[in-house]
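Structure, as structure tokens:
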Amino acid sequence: MQHNYLTFLGHIIVSHWLLINIMFNYIQCTRVDPGSSPNFGRKQPYDFDKANRDLMKIHQAHIDKNNNTKSKEVTILNLTNDDSDYTQLSDKTPLNASNSILNTKINSQNICRKCIFPKPTRAHHCSICAKCILNQDHHCPWINNCVGHLNHRYFFQFCFFLTIGAFYAATLGFSEFQHFLFGRKAFSYLDLLFGRGVNEVEILPTVTNPSMYFTFLFLFIVAVTAGVVLFGFTLWHFWLVSNAETTIDFHTNSTERKRLKQLKQTFINPYDLGFTLNWKMFLGLNKWYEILYKNFLPSTHRPFCDGINWPIRKITKPFEEQKKLVMMNV
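Letter by letter, the sequence shown follows residues 0 to 329 in numbering that gives the first Met the number 0.
Given below as structure tokens:
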């Protein structure tokens with residue numbers, strides 16, 4: 000009895016944890032703006048000279064303000080061995096001349112031809128949303144929103160928790176499913192898959208209530224199908240994040256990679272900071288243990304970058320000691 004009670008309590012906790020995370024991340028996907036050009040919505044012509052002057056003032060103000068910042072206020076991401084060639088800044092790191100370079104010049108060539116506004120780096124125009132989305136991955140009809148810089152984490156976590164939830168439901172429901180479908184004869188997953196020790200008489204439906212039979216059959220098939228499909232989709236986005244790419248970046252970089260290969264050159268993604276730093280920036284982590292309450296529990300913390308100025312890896316000359324990470328708008 001004690002064992003059954005603890006098992007029941009454990010399933011209650013796990014199932015509600017999954018449900019809360021699934022619902023929270025889905026709601027955030029739909030309601031959070033993915034991020035768009037700061038100039039979206041302006042009706043007057045864009046003044047490039049004024050914009051450059053304003054950006055230079057902002058940059059200089061950052062330098063003047065943070066040159067006096069105490070070291071204890073600086074938050075630096077901890078680096079692992081595979082990322083030791085980079086210096087990573089978080090959103091709390093002071094922006095000063097010693098640790099970053101900000102390209103503040105706006106070029107008229109970086110104008111979106113559709114919305115006629117300055118187009119930030121890595122931004123793409125969405126014809127459905129009718130605006131440029133910061134670091135756009137794709138427009139998702141299931142959330143009726145674009146997946147971009149500010150809600151990409153919510154989208155990935157929604158797919159991740161929904162995948163776990165689907166397999167969790169399929170696993171827990173399998174015994175009930177086979178009981179109603181095959182009677183008291185119990186089969187394992189592998190038995191049914193490979194037909195080991197299974198004959199036609201034993202697998203005939205024994206449920207007397209047709210509605211109950213089709214209900215369990217439908218729920219089990221939906222859970223398994225959703226789990227398999229979402230697992231592949233989540234794995235795909237895991238690979239993209241690990242390489243600091245979006246779906247659009249992947250296709251663009253693949254084309255460029257093929258072009259350079261024909262020229263016997265190697266393509267290097269300037270935004271790829273290494274597996275560890277890519278994930279820390281994507282999940283908004285300074286320390287790995289923060290994932291326990293920032294990602295495994297509902298959290299509305301924002302990404303480190305603003306979606307306009309991106310940290311890139313700069314390959315320095317051979318005689319320099321290490322590669323440096325600079326903040327710039329290319």
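We treat Cβ as the ideally placed atom computed from N, Cα and C, and that holds for glycine.
Owing to the predicted nature of the structure, the values given are computational and were not obtained by experimental measurement.
Asked, Found
"Tell me the rounded alpha-carbon separation between residue 140 and residue 3.", "42 Å"
"Express the C-alpha separation of residue 311 and residue 152 in angstroms, rounding to a whole number.", "20 Å"
"From residue 296 to residue 123, what does the alpha carbon distance come to, in whole angstroms?", "31 Å"
"Between residue 225 and residue 165, what straight-line distance do the alpha-carbon atoms span, to the nearest angstrom?", "6 Å"
"Under three-state DSSP, which class holds residue 15?", "helix"
"Please determine if the region 115-135 and the region 12-20 are in contact, where contact requires at least 3 C-beta pairs separated by less than 8 Å.", "no"
"With DSSP as the reference, label residue 111 as helix, strand or coil.", "coil"
"What is the rounded straight-line gap between the Cα of residue 68 and the Cα of residue 288?", "Note on residue 68: pLDDT 43, under 50, position unreliable in the model; the coordinate value appears next. Near 27 Å, if we compare the C-alpha coordinates of residue 288 and residue 68."
"For my contact list, residue 272 and residue 243 are in at a C-beta cut-off of 8 Å; report their separation, rounded to the angstrom.", "6 Å"
"Who are the near neighbours of residue 255 in its chain, counting only those whose CB is closer than 6 Å to its CB and skipping five residues on each side?", "266"
"Do residue 176 and residue 229 have their C-beta atoms within less than 9 Å of each other?", "no"
"Is residue 118 close to the ligand ADP? I mean its beta-carbon at under 8 Å from any heavy atom of the ligand.", "No copy of the ligand ADP occurs in the structure displayed, which carries no ligand at all."
"Which stretch, first to last residue, makes up the beta strand (DSSP E) that contains residue 124?", "123-125"
"Find the nearest neighbour of residue 309 within the set 121, 237, 30, 145, judged by alpha-carbon distance.", "121"
"Whole angstroms are fine: how far does the CA of residue 8 sit from the CA of residue 17?", "14 Å"
"Is the distance from the Cβ of residue 149 to the Cβ of residue 240 below 9 Å?", "no"
"Could you check the C-alpha separation between residue 167 and residue 137 for me, to the nearest Å?", "28 Å"
"Pull up the CB-CB distance for residue 172 and residue 218, whole angstroms please, since I reckon it's below 8 Å.", "6 Å"
"May I have the straight-line CA-CA distance separating residue 251 from residue 245, to the nearest angstrom?", "10 Å"
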